[in-house]
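*Asks:*
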Ligand SMILES: Cc1ncc(C[n+]2csc(CCOP(=O)(O)OP(=O)(O)O)c2C)c(N)n1
Ligand SMILES: Cc1ncc(C[n+]2csc(CCOP(=O)(O)OP(=O)(O)O)c2C)c(N)n1
Ligand SMILES: [Mg+2]
Ligand SMILES: [Mg+2]
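Protein chains in written order, with the working numbering: chain V, 10 to 350; chain Y, 10 to 350; chain X, 43 to 393; chain R, 43 to 393.
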């Protein structure tokens, strides 16, 4: 459906940057999108006047108006379902799900419509939209608020899944997601929302979807993680280096489609891999990565691949969440296991 | 919550059997449960008067009454949600979801309540219930009716998942599922519903949850599958045998918890594995099995593990479903690949 | 509630005009248009059943008995409006401008059947029940934001009212006051489940109260009443007054689908007293001197030819292309998927 | 609809009896009971906020302003009834017999906080909004099937009415005519979203029409009216007449949770005119000679001691046992999980 609306091309101040946290970078990304494309809309619970429970949409309704930054009723299927209608009819919704643990009521809409409408109409209709959801444990949230169920969406052809771990990537992936002709789920590590700041370009830029990033070069073992687990992996690598183990670190950034090359290239060099995620072991994305290594790098492997993950239990109440989450110590043990196999 | 209701122990005619299809065995299993336990109830859409769209509940409402075999309103979250209430309050619901592709509206109820209530109350409340759902492609159903999304449930601690491929296992797993103190999802391969018959004991018996079955001994390669794919794998094995390749076949039967021993034991013998499932490759259960082999049998592997699965596309409209589904020919290619690695 | 939501009728079972205020509007052109389309979709429908029986079509969901509801509503739309049908509303789709050949293709398991003619805003049929209601609200919302006068119509059955998405769709539509008409065909059964087991409310129309929007009950077998009430609701929507819930009380003459056996669950005499919509219209036409055997023969022949041609085109349509399995999942195919496609095509080439 | 669903009041803001038919029932015992519990849960609530501010408790959801709704409804229950609360209804839970120490534990991220006292049918607080409504319908259904006279009550907020589960829960309950009371606390906000943006209906009570069940609007700050209307609805349920939807119109005095800042979204003077429930009851008691400073001092001291003891017990409660992470997922732990537990415990032992 052709859209008759004007898409402005704002002149970019190339050199300017701001020193932002992840959540501020997300906010800045949405601001940039709202400024440069009149068809972009933001929908969600408490995202307007309140600016979002994490302040991710702070100031946006004030600046862009209540018909572009919209407080919806409390109904996730309704948010995603109406976004589908908006998207096939020319708008580009960014739908916020307040916490990933509350996305399940919308699962049917995402599974049977968001991800399938292009296929079902051979491209006649499509739904360029972004679903944003903070995910993960570690900030003493009430129960159900801390799930990390990315594989419910990576096992869903038709949608892409990204998960930034830095402010720069957060803004760049968000803009790339909105510019992608297909729906993208962006998982935001709420534990890292305000953990660090970095310089983020003021204008519009993208981080390519489907590309991981080598965060650190190393020779003995490849550590693969994303989102909030990057911090854990980085700490573990530091400790391992002290024990004389050289770690290469990959930030996956996109969870579907996975960057197989970066994984294969690294594992073929190191011969060893430790995958770290906070989701449960069984059914976790670690299994897909094990398969990718099996498929691409079988003959290079010098030890079984280790997965250091959440246990096969529901994410617990916060008194035990630190026991659920992978820790640098557990990752170090995994590293030692593969190195001393 | 103690239930004041009588649980009858019907004398079992040990030797009698009936020659049944899978769907008849499922029916017989429910009949046996309704007869022997007054707290068992069946809920679902069109399961009462109509006897189910696949006739799985045929005759049950007539025999056991409309307050035990209940036609519900058309609302999957309602079916599962009220079943949770019934189950914590002394009943044992068997909830039918008409097709697995329509379970998504109930996903929140299953994810946040069915699977978590025991954990959330340290065992004070529990929901012994069975959710039954026909799954899979290959019978020219309308779109969305043919999904095979088992990993959405194997990645969900607190619930178990079984998937029989024979009439005997269908009845035995169903009864085991209902006797299990925890919720169990039983996936029923609709393509195999009437494909074959076998002798099924008339009385009450169980097939242990968590145990796979070696269907065929072999030495060169281990084929792992379940449900409707068993037929495909068996045909492939026949063809491979003609080429001089000896296949061992495992019917997984339970998808969570997976029988790691049977897999490890077999792969350690053959040194090679081909996993076959109709769900999409990415996020499919095949990845978990690859990981299990990686964890248990790394040093025994003589070739990368092959996965022959549905492609990373939504299950297509039926004109193309045979291209989506693994075929014996594709499995044979997988077998040859691992054998001639 | 039955009394608060009386069934609106313009003609009665005998085809007598009972609401004289419509006298002038029931002109020959309109009457013949409505009849023509009802006859057309019935011919399509019966052919589909017969094709299915011969194994020339997959499982099919017939709509016989609901022609007045589908034609009356579809003809009430403007060309630029949006339609969100279910798997049973191909009658409405055809009337609104969907391609007949492609509609048959849909029932033959072909994705091509979901692609509407260029410029026709017809969404693919909703298969997961009630999921289309929020879509319709969203598409209507977009029209409102664009400032057009276009509206959307969402079709759904009595059973669909039980799903959460029904509720969320109506709530969003009413909160944002978007131009959408929720058009319910209450054919009194959801597969085997009668409406009394589906809901405890006497009517579907009364559910509008929950959303503070108008709810209107219509005789769904009276094509005039459907046509004019849908038109009114659409006008209401176009004028910025928000959504309406319409309940068209009708009757599915046949089975739920060709895989279904209604004698298992419907009392034999249920529905016997119901005058089906074409007969009712015929009576009206006869009563008013619009009935014309020659015209009927002429349209019948024309429609039969159209249907035969569509079936023929469907059956000679190029067979499904395996590349389509892969090509429409993403605008830009991910590498992993491209590899899967490549290796499957290679597999096929090897034979 | 406001006129069809008038707000029921027994006493007015000044504490004057305005429905004389209740004169006899408002005896000293009942009045003091209600006041006692409101005072008790307010003390609990304020303590929780202060503990949270000191970092001695996690994020907390206060209910100040809603004491009349929570106490009136909870005291209306029979001991064997079922309660399905939300994260904001610990006042109701405490009144119904939940353990105070454990209730604090819940807000300290301890799963022990979900375990009710033996024999007390209190479900863990619903966190995913509206999911508890079908549970309550199911538990009530079980009571009906067992042939008891027990009922269930489901608590939920105004925002919860937008979720599909609200709709499905009420529909099932009404279709199966189960003994459940749907008790809505309309505190006019769902976090930051005011009720006018949540729904287009003027009242929540009117949503009952969609299910053919009674809908009643109550002044949720009038503890008497809550108590008697809930009792009536429960009787209705126990007598086999099915569910009722009650809307208790109230006001959340404070923030959504301790992590929330209501000044960002609530106009400063909104709610100013609302007389909070304890003051209103106090006025009534004074008007009727039930007010007794000595009694108040006595219960205040007793409650304070109870709260302090609960806090102390909570803070000296054994720290969370890591084995609990694994032990309650299944009745019989799968091997895979047992291995995970074993290896994690070994990891901890290694230090
Ligand atoms: C979510 C979901 N659940 C179940 C089904 C299976 N199903 C297909 S049609 C149908 C009945 C629908 O009844 P109704 O809404 O009255 O529409 P009708 O078929 O009468 O036109 C059911 C249960 C489905 N398609 N989607
Ligand atoms: C399914 C779901 N979506 C979102 C949330 C986040 N959330 C928690 S409370 C709340 C507002 C609830 O409002 P209301 O129902 O009025 O109850 P109140 O908090 O006012 O008591 C929201 C959106 C949630 N808990 N569950
Ligand atoms: Mg129907
Ligand atoms: Mg509220």
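Ideal placement from N, C-alpha and C gives every residue a C-beta, glycine not left out.
Residues bridged to residue 226 of chain X by DSSP?
*Replies:* Here residue 226 of chain X refers to the residue found at position 184 of the third chain. Note: residue 226 of chain X sits in a beta bridge opposite X/198 and X/289.
*Asks:* From the beta carbon of residue 206 of chain X, is the nearest beta carbon of chain R less than 7 Å away?
*Replies:* The residue you call residue 206 of chain X lines up with position 164 of the third chain. Answer yes: the Cβ-Cβ gap between residue 206 of chain X and chain R drops below 7 Å somewhere.
*Asks:* Tell me, please, whether the stretch 229-247 of chain R touches the stretch 242-261 of chain X by the rule of three or more beta-carbon pairs shorter than 8 Å.
*Replies:* Contact holds: three or more Cβ-Cβ distances are below 8 Å.
*Asks:* Where does residue 335 of chain Y fall in DSSP's three states?
*Replies:* Start at 1 with the first residue of the second chain, and residue 335 of chain Y comes out as number 326. If DSSP states are grouped into helix, strand and coil, residue 335 of chain Y belongs with coil.
*Asks:* Could one say the Cβ of residue 63 of chain R lies closer than 7 Å to chain V's Cβ atoms, at least one of them?
*Replies:* The count along the fourth chain starts at 1 and reaches residue 63 of chain R at position 21. Residue 63 of chain R does not count as touching chain V.
*Asks:* Excluding the 5 residues flanking residue 341 of chain V on each side, which residues of the same chain have their C-beta closer than 7 Å to its C-beta?
*Replies:* Against the first chain, residue 341 of chain V aligns to sequence position 332. Here the set comprises 245, 248 and 249.
*Asks:* Hey, is residue 132 of chain X's beta-carbon within less than 7 Å of any beta-carbon in chain V?
*Replies:* In the third chain, counting from the first residue as 1, residue 132 of chain X sits at position 90. Residue 132 of chain X does not count as touching chain V.
*Asks:* Classify residue 265 of chain R as helix, strand or coil using the three-state DSSP reduction.
*Replies:* As a first step, residue 265 of chain R is located in the fourth chain; it is residue number 223 there, counting from the start. Reduced to three states, the DSSP call for residue 265 of chain R is helix.
*Asks:* Is residue 45 of chain X helix, strand or coil when you go by DSSP?
*Replies:* For the purposes of this step, residue 45 of chain X is taken as the residue at position 3 of the third chain. Three-state result, residue 45 of chain X: coil.
*Asks:* Candidates R/45, R/369, R/142 and R/342: which alpha carbon is nearest residue 133 of chain Y's?
*Replies:* In the second chain, the residue the question calls residue 133 of chain Y occupies position 124. Nearest option by C-alpha distance: R/369.
*Asks:* Write down the C-beta distance between residue 223 of chain X and residue 127 of chain V rounded to the nearest angstrom, noting that I regard them as a contact closer than 8 Å.
*Replies:* Within the third chain, the letter at position 181 stands for residue 223 of chain X. Within the first chain, the letter at position 118 stands for residue 127 of chain V. No, residue 223 of chain X and residue 127 of chain V are not in contact; Cβ-Cβ is about 27 Å, not under 8 Å.
*Asks:* Is it the case that the CB of residue 352 of chain R approaches a heavy atom of ligand 4 more closely than 6 Å?
*Replies:* The count along the fourth chain starts at 1 and reaches residue 352 of chain R at position 310. Checking every heavy atom of ligand 4 against the Cβ of residue 352 of chain R, none is found closer than 6 Å.
*Asks:* For residue 150 of chain V, does the count of other Cβ atoms within 10 angstroms reach 16, so buried, or fall short, so exposed?
*Replies:* Within the first chain, the letter at position 141 stands for residue 150 of chain V. With 16 or more other Cβ atoms within 10 Å, it is buried.
*Asks:* Let's test the definition: count the other Cβ atoms within 10 Å of the Cβ of residue 311 of chain X and tell me whether it reaches 16, buried, or not, exposed.
*Replies:* Residue numbering aside, residue 311 of chain X sits at position 269 when the third chain is read from its first letter. That one is exposed.
*Asks:* Quick check: does the Cβ of residue 129 of chain X come within less than 6 Å of any heavy atom belonging to ligand 3?
*Replies:* Counting from one through the third chain, the residue named residue 129 of chain X turns up at place 87. Answer for residue 129 of chain X: no, Cβ out of range of ligand 3.
*Asks:* Spell out the partners DSSP gives residue 142 of chain R in its beta bridges.
*Replies:* By one-based count along the fourth chain, residue 142 of chain R stands at place 100. In DSSP, residue 142 of chain R forms no bridge with anything.
*Asks:* For chain X, is any of its Cβ atoms less than 7 Å away from the one on residue 110 of chain V?
*Replies:* Position 101 of the first chain holds residue 110 of chain V. Taking Cβ atoms only, chain X never reaches closer than 7 Å to residue 110 of chain V, which makes this a no.
*Asks:* Taking 7 Å as the cut-off, decide whether the C-beta atoms of residue 378 of chain X and residue 102 of chain V are in contact.
*Replies:* For the purposes of this step, residue 378 of chain X is taken as the residue at position 336 of the third chain. For the purposes of this step, residue 102 of chain V is taken as the residue at position 93 of the first chain. No, Cβ-Cβ distance for residue 378 of chain X and residue 102 of chain V is not below 7 Å.
*Asks:* So which residues of chain V does residue 151 of chain X contact, with C-beta pairs closer than 8 Å?
*Replies:* In the third chain, residue 151 of chain X corresponds to position 109, counting from 1. In chain order: nothing, as chain V lies at least about 13 Å away.
*Asks:* Does residue 137 of chain Y pass the burial test, meaning 16 or more other C-beta atoms within 10 Å, or should it be called exposed?
*Replies:* Here the question's residue 137 of chain Y lines up with position 128 in the second chain. Residue 137 of chain Y is buried by the Cβ-count criterion.
*Asks:* Quick one: is the Cβ of residue 231 of chain X within less than 6 Å of any heavy atom of ligand 3?
*Replies:* The residue labelled residue 231 of chain X in the question sits at position 189 within the third chain. Flag set: Cβ of residue 231 of chain X near ligand 3.
*Asks:* Please list, in chain order, the chain Y residues whose beta carbon lies closer than 9 Å to that of residue 124 of chain V.
*Replies:* For the purposes of this step, residue 124 of chain V is taken as residue 115 along the first chain, with counting starting at 1. Going along chain Y in sequence order, the residues near residue 124 of chain V (Cβ under 9 Å) are 323.
*Asks:* With residue 81 of chain X as the anchor, note down where its alpha helix (DSSP H) starts and where it stops.
*Replies:* Along the third chain, read from residue 1 onward, the residue named residue 81 of chain X stands at position 39. Unbroken alpha helix (DSSP H) run through residue 81 of chain X: 70-95.
*Asks:* By the 10 Å Cβ neighbour count, where 16 or more other Cβ atoms means buried, how is residue 344 of chain V classified, buried or exposed?
*Replies:* Counting from 1 along the first chain, the entry for residue 344 of chain V is found at position 335. Per the 10 Å Cβ criterion, buried.
*Asks:* With H, G and I counted as helix, E and B as strand and the rest as coil, what does DSSP make of residue 78 of chain V?
*Replies:* Locating residue 78 of chain V in the first chain gives position 69, counting from the first residue. Strand at residue 78 of chain V.
*Asks:* Hey, does residue 349 of chain Y have any beta-carbon neighbour from chain X nearer than 7 Å?
*Replies:* To locate residue 349 of chain Y, count along the second chain from 1; it is residue 340. It does not: the Cβ of residue 349 of chain Y has no partner Cβ on chain X nearer than 7 Å.
*Asks:* Could you run through the stretch 117-150 of chain V and flag, in chain order, every residue whose CB is less than 8 Å away from some CB of chain X?
*Replies:* So the list reads 117, 118, 121, 122, 126, 127, 128, 129, 130, 131, 132, 133, 134 and 135, given in the order they occur along the chain.
*Asks:* Can you check whether the C-beta of residue 329 of chain Y is within less than 7 Å of a C-beta belonging to chain X?
*Replies:* Here residue 329 of chain Y is taken as the residue at index 320 of the second chain, counted from 1. Taking Cβ atoms only, chain X reaches closer than 7 Å to residue 329 of chain Y, which makes this a yes.
*Asks:* Using only the alpha-carbon positions, how far apart do residue 261 of chain X and residue 85 of chain X sit?
*Replies:* By 1-based counting over the third chain, the position of residue 261 of chain X is 219. By 1-based counting over the third chain, the position of residue 85 of chain X is 43. C-alpha separation (whole angstroms): 23 Å.
*Asks:* Among the residues of its own chain, which have a CB less than 7 Å from the CB of residue 333 of chain R, if the five just before and after it don't count?
*Replies:* Indexing the fourth chain from 1 puts residue 333 of chain R at position 291. These residues qualify, in order along the chain: 324 and 327.
*Asks:* Hey, is the stretch 144-163 of chain V in contact with the stretch 221-237 of chain V, meaning 3+ C-beta pairs nearer than 8 Å?
*Replies:* The stretch 144-163 of chain V, when compared against the stretch 221-237 of chain V, does touch it at the 8 Å Cβ threshold.
*Asks:* I need the DSSP call for residue 318 of chain X, collapsed to helix, strand or coil.
*Replies:* What you label residue 318 of chain X is simply residue 276 of the third chain in a count that begins at 1. Residue 318 of chain X: coil per DSSP, three-state reduction.
*Asks:* Beta carbon of residue 263 of chain Y, beta carbon of residue 171 of chain Y: below 7 Å?
*Replies:* By 1-based counting over the second chain, the position of residue 263 of chain Y is 254. By 1-based counting over the second chain, the position of residue 171 of chain Y is 162. Cβ distance < 7 Å, so residue 263 of chain Y and residue 171 of chain Y count as in contact.
*Asks:* Evaluate the contact criterion for the stretch 152-159 of chain V versus the stretch 179-187 of chain V: three or more CB pairs, one atom per stretch, below 8 Å.
*Replies:* Taking 8 Å as the limit for Cβ pairs, the verdict is that the stretch 179-187 of chain V does not touch the stretch 152-159 of chain V.
*Asks:* So with Cβ pairs under 7 Å, would you call residue 146 of chain R a contact of chain Y?
*Replies:* Numbered from 1 along the fourth chain, position 104 holds the residue referred to as residue 146 of chain R. Taking Cβ atoms only, chain Y never reaches closer than 7 Å to residue 146 of chain R, which makes this a no.
*Asks:* Short of 7 Å in beta carbon distance, which residues of its chain neighbour residue 186 of chain X, apart from the five on each side in sequence? Order them along the chain.
*Replies:* Here residue 186 of chain X refers to the residue found at position 144 when the third chain is read from its first residue. Within the same chain, residue 186 of chain X has close Cβ partners 220 and 221.
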